[in-house]
Amino acid sequence: MFIALREIRRSIGRFALLTGAVALLVVLLLFFQAVAGSLTLGLTGGVENNSGEVLAYSDRARRNPAASFLPPGTGPTIAAVDGVGRTSEVGRLALSAADEDVVVIGLSDPDFGGPGRLADGRRATASGEAVVSSSSLSTGFEIGDTVTAAGVELTVVGTADDAAFDVSPTFYVPFDDYAAMVAERAGATSVDEVAVPVSWVAVEAAEGVDPVDLAATISGSVEGVEALDRDRAVSELPGVGQVTQSFNILYLLLFIVVTIVTGVFFLILTVQKQRSLVLFRAIGAGRRDVVAPVLYQVLAVVGLGSLLGTAVAGLLLGAARDTFGSTLDPRTTVLTIGFLLVLGVLASIGAVRRVLAIDPIEATTAGTV
Amino acid sequence: MSSPTASAAPAEPASVDTPALTMAGVSKIYGRDEQQVTALDEVDLTVASDEMVVLIGPSGSGKTTLLTVAGALLRATSGTVRVGDVDLGDLGDGKLSAFRRDRIGFVFQSVNLVPFLTARENLLAVRQFGGGRIDRAARERADQLLDELGLADRSKNLPSQLSGGQKQRVAIGRALMNDPDLVLIDEPTSALDSKLGQQVMELLHREIKQRGVAAIVVTHDERVIDFGDRTVEIVDGALQ
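Structure (structure tokens):
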């Protein structure tokens, strides 16, 4: 530690530059992760945080909630399947309200089929009430706000975090209000004049029944239905895989750049101080004595760079909260820093190998034979 | 400066105590077959525990090779090398490093100080090897050595801020930092002018003799010969 710290102190410029480079890459990495997390959650939150353990779509919808319309009478059929504990018929409608594109989700059971937990307020149980989950990329709604959607005035009585569909503000309303909106959109004067579609059925498994098995049972026993357990419903949402894959490629590139930058820096440093390392070995330093400073320095540079990068990313995301609505996820941040430290150590393998290859006899080679 | 009379003489024991260094029938051969070069040829040399031996010889005669074999930097091809009671042939590579750290002091010709450590830190670094700690005793020891070497006011200087003679004195201090049994010095005056060379050798002689440590000084410089208890000449790898 003594030698490692003294070297950093005497070469503060070059170590500061590398730390700055690592910090910059960490800023990019954490910023992308936060934005990607918000974007992905905006796509998946409505399903991911749904109280339904199984979602039963039309088998023609290709697991896309926006394309799912169940045949009439499907809800009671599903409810009668062995192993089903509770169901709620769900209708989905995309429309404009309050100058924004919004999604309205109608629930036949106000207590089931919507967000599993509310952040504030209560469930929408009466006509004209709504629970809203704001998209992270839009202006938020608060309890008491009123919005008119397809001729129905809604008052926000509760809010839920991360329960939006299609990266849009999502209003969870009683099924009757949803039906009224469908009728209004269809130009009908009464709900009775239109067939109000049920998009999917949210299902809770009976006690002791595995949701994965129940999904398979429903798919096999109810015609025209493809039921998915919640985790699979999330992963099968259209666009999620592509978005995740695109960001994963970005992460991979950034991790590779951090590794290369760190590895090359320490390799160059090792070459530059070869004579000092030779001297150390000649006067009795063991291999551990010359390798340990390299590893200390790698951990110090990557660790400090990560902390600086995290601080800057946190400040940037805070400043851009109105634009991106993203924050640093502590777990992801800690995992990322841990992974970077491991990569830093792996990146130093080249430098360590070079240090280990030093022959102390070189200390005398400038002299006579 | 009063120094013992020195002259080229056969390598013989100089003390009845356990010798600091015993080399018996030591050969060092580089390369194989037709490429073979014999750098040391059946060398027998004993250095008493408080003796200062000057090793002279023409370029390529094997002086530095003898020094590196004696200092556990290089293994002999054949023969026995003992430093104090320890047969170096019995030590593995890892133990050789620890042995050099604890029992041998080196002053090299060219590679001598770590540029990013101050004079004091160059001495202290030795104490950290092998999991050691730089405690108060180590700091006091470094300060005492630098003071004796006339470098107390230079202890915080980096090597780049020191003159050639000062650098050489710091290297001597580092060689003595761990109280070695044997100090090996390679061409200590080669990079110094005659006045500085004289000063460094006087200092080296004083420090070595004060501590009762054995030393081998390899040199081309005839003025250095006067500082040794005896002088040994090597030609074509064989002691004369």
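For the record, the sequence lines run as chains D and W. Note that my numbering has the first sequence beginning at 58, numbered continuously upward. Note that my numbering has the second sequence beginning at 1240, numbered continuously upward. Built from N, CA and C at the ideal position, the CB exists for glycine as well. For clarity, every value in this text was computed on a predicted model and none was experimentally measured.
Is it buried or exposed, ASP1468/W, if we count other Cβ atoms within 10 angstroms and call 16 or more buried?
So ASP1468/W ends up on the buried side.
DSSP beta-bridge partners for PHE228/D?
DSSP, once it has assigned bridges, lists VAL161/D, VAL189/D as partnering PHE228/D.
Validate contact between the stretch 1286-1304 of chain W and the stretch 298-308 of chain D using beta carbons, cut 8 Å, 3 pairs
The stretch 1286-1304 of chain W makes no contact with the stretch 298-308 of chain D, as fewer than three CB pairs between them are under 8 Å.
Neighbour-count burial assignment, LYS330/D, 16 or more Cβ in a 10 Å radius:
Around the beta carbon of LYS330/D, 16 or more other beta carbons lie within 10 angstroms, which makes this residue buried.
Using only the heavy atoms of the ligand SAM, determine whether one of them is closer than 6 Å to the beta carbon of ALA151/D.
You won't find the ligand SAM in this model; it holds no ligand whatsoever.
DSSP state of ILE200/D, grouped into three classes?
Three-state DSSP puts ILE200/D in coil, outside helix and strand.
Under 7 Å, CB to CB, which of the residues in the stretch 285-305 of chain D have a partner in chain W?
Listed by position along the chain: nothing, the set is empty.
When Cβ atoms are compared, which residues of the stretch 1394-1405 of chain W fall closer than 8 Å to chain D?
Taking 8 Å as the cut-off between beta carbons, the residues of the stretch 1394-1405 of chain W near chain D are LEU1397, in sequence order.
Buried or exposed for SER184/D, going by 16 or more other Cβ atoms inside 10 Å?
With fewer than 16 other Cβ atoms inside 10 Å of its own Cβ, SER184/D counts as exposed.
Between TYR353/D and the rest of its own chain, which residues show a CB-CB distance below 7 Å, the 5 nearest in sequence each way excluded?
Counting only Cβ-Cβ distances below 7 Å, and skipping sequence neighbours, we find MET58, ALA61.
So MET1291/W and VAL1456/W are in contact, right, with Cβ under 8 Å, and what is the actual spacing, rounded?
Correct: roughly 7 Å between the Cβ atoms.
What does ILE343/D touch in chain W if you count any residue whose Cβ is under 7 Å from its own?
Contrary to the premise, residue 343/D reads as Gly rather than Ile in this sequence. The answer, in chain order, is GLY1333, SER1336, ALA1337, PHE1368, GLY1369.
Stretch-stretch touch, CB-based, cutoff 8 Å, three pairs: the stretch 386-405 of chain D with the stretch 357-364 of chain D:
The way I'd put it, the stretch 386-405 of chain D does touch the stretch 357-364 of chain D; three or more beta-carbon pairs between them come closer than 8 Å.
So, does the CB of ARG67/D fall closer than 7 Å to a CB anywhere in chain W?
By the rule that beta-carbons nearer than 7 Å mark a contact, ARG67/D touches chain W.
Residues near PHE72/D in its chain [Cβ-Cβ closer than 7 Å; skip 5 each side]:
Non-local beta-carbon contacts of PHE72/D in its own chain, meaning distances under 7 Å to residues more than five positions away in sequence, involve ILE65, VAL358 in chain order.
Which residues in chain D have a C-beta closer than 9 Å to the C-beta of ASP1420/W? List them in chain order.
Correct list: empty, because the minimum Cβ distance to chain D is about 13 Å.
Would you mind working out which of VAL1308/W, GLY1328/W, GLN1405/W sits nearest SER1435/W, comparing C-alpha positions?
Reading off the sequence shown, one finds Leu at residue 1435/W, where the question assumed Ser. Looking from the CA of LEU1435/W, the closest CA among VAL1308/W, GLY1328/W, GLN1405/W belongs to GLN1405/W.
Answer with yes or no whether the minimum CB distance from THR1307/W to chain D is below 7 Å.
With 7 Å as the cut-off, THR1307/W counts as an interface residue toward chain D.
GLU1360/W touches chain D at which residues, Cβ-Cβ below 7 Å?
Around GLU1360/W, the beta-carbon contacts reaching into chain D at under 7 Å are ARG63.
CB contact check: ILE418/D to chain W, cutoff 7 Å
Contacts with chain W at 7 Å (Cβ-Cβ) include ILE418/D.
Between the C-alpha atoms of ARG117/D and ALA263/D, what's the straight-line distance to the nearest angstrom?
Between ARG117/D and ALA263/D, the C-alpha separation is close to 27 Å.
So which residues on chain W does SER363/D lean against when the C-beta distance must stay under 8 Å?
Near SER363/D there are no residues of chain W at all, since even the closest Cβ is about 25 Å away, more than 8 Å.
Proximity winner among ARG1445/W, GLU1426/W, GLN1348/W, ARG1359/W, relative to ARG1378/W (alpha-carbon distances)
Taking the Cα of ARG1378/W as reference, the smallest distance to any Cα among ARG1445/W, GLU1426/W, GLN1348/W, ARG1359/W is reached at ARG1359/W.
Residue burial classification, VAL328/D (beta-carbon count within 10 angstroms, cutoff 16)
Residue burial is scored here from C-beta neighbours: VAL328/D has fewer than 16 other C-beta atoms within 10 angstroms and is therefore classed as exposed.
So SER428/D contacts chain W; which residues on that side make the cut at Cβ distance below 7 Å?
Absent from the structure is residue 428/D, since the part of chain D shown begins at 58 and ends at 426.
So, at 8 Å on beta carbons, what are the nonlocal neighbours of ALA1278/W in its own chain, with the 5 sequence-adjacent residues on each side left out?
Excluding residues within five positions, the ones whose Cβ falls inside 8 Å are LYS1267, ILE1268, TYR1269, GLY1301, THR1304, GLY1476.
Do GLU110/D and PRO268/D have their CB atoms nearer than 7 Å?
Contact: yes.
Just the chain D side, please: which residues come within less than 8 Å of VAL1365/W by C-beta, in chain order?
Near VAL1365/W (Cβ distances below 8 Å), the residues of chain D are ILE340, GLY341.
Applying the criterion that 16 or more other CB atoms from any shown protein chain within 10 Å of the CB defines a buried residue, is GLY70/D buried or exposed?
By the neighbour-count rule (16 or more Cβ atoms within 10 Å), GLY70/D is not buried but exposed.
With 16 other Cβ atoms within 10 Å as the buried cut-off, status of PRO417/D
Taking a 10 Å sphere around the C-beta of PRO417/D, we find 16 or more other C-beta atoms and assign the residue as buried.
Beta-carbon separation of PRO167/D and ALA154/D under 7 Å?
Taking 7 Å as the Cβ cut-off, PRO167/D and ALA154/D do not qualify as a contacting pair.
Can you confirm whether ALA1477/W, when its beta carbon is compared against all beta carbons of chain D, has any partner nearer than 7 Å?
Chain D, which has no Cβ nearer than 7 Å to the Cβ of ALA1477/W, makes this no.
Here's a check: name, in chain order, each residue in its chain whose Cβ is nearer than 7 Å to the Cβ of LEU1330/W, leaving out the five neighbours to either side.
Same-chain partners within the cutoff: PHE1338.
How many angstroms separate the CA atom of GLY208/D from the CA atom of VAL253/D?
Computed Cα separation, rounded: 16 Å.
Apply the 10 Å Cβ neighbour rule to PRO172/D and answer buried if 16 or more other Cβ atoms are within range, or exposed otherwise.
Classification for PRO172/D: buried.
Can you find a C-beta in chain A that's less than 7 Å from the C-beta of LEU1284/W?
Checking the listed chains, one finds no chain A in this structure; the protein chains it contains are D and W.
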